[in-house]
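Here the structure comes first, spelled out in structure tokens, and everything after it is commentary.
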Amino acid sequence: MRLLLDLTLLLTTTVMFVADAPAPHRLITQPIAIRSPTGPLAIGINSHLATRYPDAATMKIPAAIISDLGVQWVREDLHWYRIQPQPDVWDWVFTDAALHALSRQYVQILGVFGPSVGWATADPTDHPNLISFAPPEEAAFVTYVGAVVQRYHHLIKHWQIWNEPDQALFWRPAPDPERYTRLLIATARVIRTIDPTATIVLGGINPFDTTFLRAIAEYGGWDAFDVIAIHPYVDPLSPEEGNLIAAADGVRAVAARYGMKPIWATEVGWASGPGDRDALGLTNAAYQAAYLARAYCALWYGGVAVVFWYMLKDDPHNPYGLFAYGSGRADFSIPKPAATAMRKLANTLASCRPEPPTTTVPLLTGSQPVQWQRPSQPNGSLRLIEDGSVFRISYRFTTRTNDYVAFELSDPIPLPNDTTAITVQLFGDGNGNRLRLWLRDSEGETFALTAGIIGPTAWQTINTPVSRRPIQDKLIAGNGNKRPDAPLALAAIVIDDEDDAWTGMGEVLIERIVAVRTTLDAASLSTYTVTQWR
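At position 126 of the sequence shown the residue is numbered 125 (numbering that gives the first Met the number 0), and the sequence of numbers has no breaks.
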């Protein structure tokens, strides 16, 4: 039984010790985790017709293929170097053909601005008429944006400012949130001047590291955009191993401080063989098709409103498409199983739920005798509250570098060998920090597993997958093969600051931690599809 007195004290403590979050600070009071649909899901795809399809005269062919897939949205790159290859030269041929062909298929278009053209950057190594990922000269970029919006605002009402500005590959030589924020504000201003009804979409960020998003807020850019766009790639992990349903939790925690906004996934996908993110080709065409449906379902249940698959057609060495590369970019004669999955997706989503059938095994409750080792960090304490059924963790983070507090079990608690996830029942404190679990493996190595965001002052359930793949976990101790080898054991509970600059105090209650086991065998789980989620 939970004690009213303890909960009242916890609420009071949380209010008294508000963290030094980026100004303007707001205590997180809204739910962070969403695990059920908040509305209908819009289905989209990254189409790339204006920039990759080679024949402007036959653009209606791929546009009709897109329509046949049953999608409602396309994400189209509006590459600057193709539209304005020189300061005084404008070339609208391919963009006109692609956008008009798509609009005749009655799909909505998300137009993506950027990247740079060489003549508009300060990088002397850039070819003046070709694509560049160096930051642009702001006035030139705004001129290009204004010309595009003026020409197409009757066709496009949603505009995305850049692609992945938090990645060094797309903002050389390194991401610069201050400069991107200035560009975002100036670009949004010119778009809204031309079309006050336009929707501004953020540039598609990695949702598993919210540093860049928080910096945009700190630099005054929060009101410059209307939609948070994320790129929640977890491949080659499956949607379940990658905990895709929780992909939006971190950005939602940031939004709870600065103002809630819709969240779209403007890229997500898996390759059907070796590719950029899966050099070994761990995902084949059959997995790609199964993961497509499961990904849309998981993101929908995780509170994402629009999801765009990446992408329509394979690149030569990056097979993320629904169609194989074949004889070239105009060849759509080789659909992959994922294309069939996309055509069936609208019907499939009607009966989906985001996890297979499971059973649970208790790992840690307040009623069992366990011994805790004092943490090496003098940042907090752990004790049972009065009725002995709930653990209370108090912590105090005082530096503007990485702070955390770890409570280690003297005798780690073994997980069943067929554990697929760990679930924690806790009462949050509204500070938006991360809950991590340390797992000890058979070789004595310790891995840090990020369980999730600690939410508002209410009871909540945090569920995180357990994978045998090392890319999911961070090795923090031990000398072995650097893989989490079974049997695994729960070794510690950790609270880590989500924002290293955060300072303050908080308290979290943990009622129980359980292991989750799927009732499907390994063979059935590997081919599990959304059509079985009934």
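Even for Gly, the Cβ is constructed at its ideal location relative to N, Cα and C.
Everything numeric in this text was worked out from a predicted model, so none of it was measured.
Measure from the alpha carbon of residue i to the alpha carbon of each residue in the options, then state which is nearest.
i: Gly35; options: Val233, Gly302, Tyr324, Trp371; result: Residue identity differs from the one stated: residue 35 is Ser in this sequence, not Gly. The option with the nearest alpha carbon to Ser35 is Gly302.
i: Leu291; options: Thr347, Ile333, Ile392, Ile512; result: Thr347
i: Gln367; options: Gly387, Tyr257, Asn378, Arg352; result: Gly387
i: Lys534; options: Asp440, Ile229, Ile452; result: Residue 534 lies beyond the range of the chain shown here (0 to 533); nothing can be said about it.
i: Asp87; options: Ala146, Thr192, Glu510, Leu436; result: Ala146
i: Lys260; options: Ile31, Ile494, Arg395, Gly503; result: Ile31
i: Ser466; options: Val92, Leu438, His316; result: Leu438
i: Ala197; options: Arg511, Leu109, Arg103, Ala490; result: Leu109
i: Phe546; options: Thr398, Pro411, Phe426; result: Here the chain has residues from 0 to 533 only, and residue 546 is not among them.
i: Tyr143; options: Val200, Ile199, His157, Leu77; result: Leu77
i: Gln166; options: His157, Ser271, Pro176; result: Pro176
i: Glu506; options: Ala447, Ser350, Trp458; result: Trp458
i: Ile64; options: Thr94, Gly451, Ile512, Tyr105; result: Tyr105
i: Val513; options: Ala252, Ala485, Arg328, Thr460; result: Thr460
i: Tyr295; options: Ala246, Thr186, Trp89, Thr210; result: Ala246
i: Ala337; options: Tyr286, Leu362, Ser237; result: Tyr286
i: Glu137; options: Lys473, Gln71, Asp54, Ala121; result: Ala121
i: Ile539; options: Leu129, Ala223, Glu240; result: Past the edges of the chain, shown from 0 to 533, lies residue 539, and the structure says nothing about it.
i: Ala284; options: Val306, Asn317, Val253, Ile44; result: Asn317
i: Phe307; options: Ser326, Lys473, Met341; result: Met341
i: Phe224; options: Leu201, Pro377, Phe211, Leu474; result: Leu201
Tell me which residue opens and which closes the alpha helix (DSSP H) that residue i is part of.
i: Glu137; result: 137–151
i: Phe207; result: First-last for Phe207: undefined, no H or E at that position.
i: Thr94; result: 92–102
i: Ile64; result: 59–67
In chain order, what residues of the same chain have a beta carbon less than 8 Å from the beta carbon of residue i, not counting five sequence neighbours either side?
i: Trp536; result: Lying before the first or after the last residue shown, residue 536 is absent from the chain, which here runs from 0 to 533.
i: Arg516; result: Thr357, Thr358, Thr359, Val360, Pro415, Asp417, Thr418, Thr419
i: Arg25; result: Note that Arg25 scores a pLDDT of 48, beneath 50, so its modelled location is shaky; the value from the coordinates is reported in the next line. Here the set comprises Ala255, Arg256, Tyr257.
i: Ala345; result: Ile42, Gly69
i: Trp91; result: Ile82, Arg150
i: Ala214; result: Pro176, Glu177, Thr180
i: Ala538; result: The structure shown does not extend to residue 538, since the chain spans only 0 to 533, so no value can be given for it.
i: Trp89; result: Ile82, Gln83, Ala146
What span of residues does the beta strand (DSSP E) with residue i cover, start to end?
i: Pro336; result: No beta strand (DSSP E) contains Pro336, which is instead part of the alpha helix (DSSP H) from 336–342.
i: Arg81; result: From DSSP, Arg81 is part of no beta strand (DSSP E) but of the alpha helix (DSSP H) over 79–82.
i: Pro464; result: 458–464
i: Tyr403; result: 403–413
i: Leu129; result: Leu129 -> no beta strand (DSSP E), and no H or E assigned at all.
i: Ile512; result: 503–517
i: Ser380; result: 379–383
i: Gly110; result: 107–112
i: Lys473; result: 473–476
i: Leu362; result: 357–364
i: Gly451; result: 445–452
i: Thr398; result: Run containing Thr398: none; DSSP gives neither H nor E here.
i: Ala488; result: 488–495
i: Thr419; result: 418–426
i: Gln159; result: 157–160
i: Trp437; result: 433–439
Beta-carbon within less than 7 Å of residue i's beta-carbon, same chain only, minus the 5 sequence neighbours each way: which residues are those?
i: Gly113; result: Trp79, Trp161, Asn162
i: Tyr232; result: Val267, Arg276
i: Tyr300; result: Arg34, Ser35, Pro36, Ile244, Pro353
i: Pro273; result: Leu279, Gly280
i: Phe207; result: Gly249
i: Phe169; result: Pro114, Phe132, Asn162, Glu163
i: Ala173; result: Ala167
i: Asp499; result: Arg399, Thr400, Asn401
Note down, in chain order, each residue of its chain lying with its Cβ closer than 6 Å to the Cβ of residue i, except the 5 sequence neighbours on either side.
i: Gly479; result: Glu442, Glu444
i: Asn432; result: Ile453, Ile494, Asp496, Glu497
i: Pro334; result: Phe322
i: Pro23; result: Residue confidence is low: Pro23 scores 42 on pLDDT, short of 50, so the model does not pin down where it sits. Its coordinate-derived value is still stated next. Excluding sequence neighbours, Pro23 sits near nothing in its chain.
i: Tyr324; result: Asp313, Pro315
i: Ile190; result: Val148, Trp158, Ala197
i: Pro567; result: Residue 567 lies beyond the residue range present for the chain, which begins at 0 and ends at 533; the question has no answer from this structure.
For the putative contact between residue i and residue j, defined by C-beta atoms under 8 Å, what is the C-beta separation to the nearest angstrom?
i: Thr456; j: Asp428; result: 6 Å
i: Gly117; j: Ala304; result: Contact flag wrong, Cβ pair sits at about 36 Å.
i: Val111; j: Arg171; result: About 18 Å separates the two Cβ atoms, so there is no contact after all.
i: Ile229; j: Gly203; result: 7 Å
i: Leu489; j: Ile412; result: 5 Å
i: Asp194; j: Val141; result: Actually they do not touch by this definition, with Cβ atoms about 15 Å apart.
i: Ala447; j: Leu434; result: Actually they do not touch by this definition, with Cβ atoms about 11 Å apart.
i: Ala119; j: Ala139; result: 4 Å
Return yes when the C-beta of residue i is under 7 Å from any heavy atom of the ligand NAD, and no when it is not.
i: Trp161; result: Ligands are entirely absent from the displayed structure, and the ligand NAD is therefore not among its contents.
Less than 8 Å between CB atoms is the rule here; does residue i satisfy it with respect to chain C?
i: Thr347; result: Looking at the structure shown, chain C is missing, and only one protein chain is on hand.
Practice problem: Kindly provide the ranges of any beta strand (DSSP E) runs that are 3 or more residues long and lie completely inside the stretch 31–55, ordered along the chain. | Solution: 41–45
Quiz item: Of all the alpha helix (DSSP H) runs that stay within the bounds of the stretch 244–328, which reach a length of 4 or more residues?
Solution: 248–257, 284–300
Quiz item: Which runs of the alpha helix (DSSP H), 4 residues or longer, sit entirely within the stretch 167–250?
Solution: 176–193, 210–217
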